[in-house]
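K.L.:
In my numbering, the protein residues as written are 5 to 121. Note that beta-carbon positions come from the ideal geometry of N, C-alpha and C, so glycine has one too. Below you'll find the structure I mean.
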């Protein structure tokens with residue numbers, strides 16, 4: 005990579021301080037600021053893996069084991085992390101949905117129980 009990355013600063017993701025949507029949006033903005041859109045996907049992956057911090061790195065290593073993280077497309081990594089850190093509904097709302105769930109006529113018991121989880 006070039007020396008233009010010497011000024012590249014990007015904080016690691018901290019779930020307690022940031023939402024995944026916000027973090028992903030900032031990473032996309034940084035692409036525009038530093039002209040990273042022209043970079044190959046594998047360089048973006050390496051840059052992202054370097055900047056995101058140890059927590060997410062460990063999560064990805066566990067999820068994609070034994071595949072080398074650098075060989076995974078950035079879009080696959082982002083999609084997985086989006087599902088991992090997507091905002092959940094408040095507990096009260098989830099409890100109401102759980103208690104109010106009525107099985108459909110053609111629904112098997114197994115499917116009904118899975119949707120309750």
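Which residues mark the beginning and the end of the alpha helix (DSSP H) in which residue 31 is found?
P.N.:
24 to 37 is the span of the alpha helix (DSSP H), which, as asked, contains residue 31.
K.L.:
Of all Cβ atoms in chain C, is any one closer than 8 Å to the Cβ of residue 14?
P.N.:
No chain C is part of this structure, which consists of one protein chain only.
K.L.:
Can you tell me whether residue 59 is helix, strand or coil according to DSSP?
P.N.:
Residue state, collapsed to three classes: helix.
K.L.:
Give me, in chain order, the residues of the same chain whose beta-carbon lies closer than 7 Å to that of residue 27; leave out the 5 immediate sequence neighbours on both sides.
P.N.:
So the qualifying residues of the chain are 17.
K.L.:
On a CA-only basis, which of 15, 35, 13 and 22 is nearest residue 90? Give me that one, please.
P.N.:
Ranking 15, 35, 13 and 22 by Cα distance to residue 90 puts 22 first.
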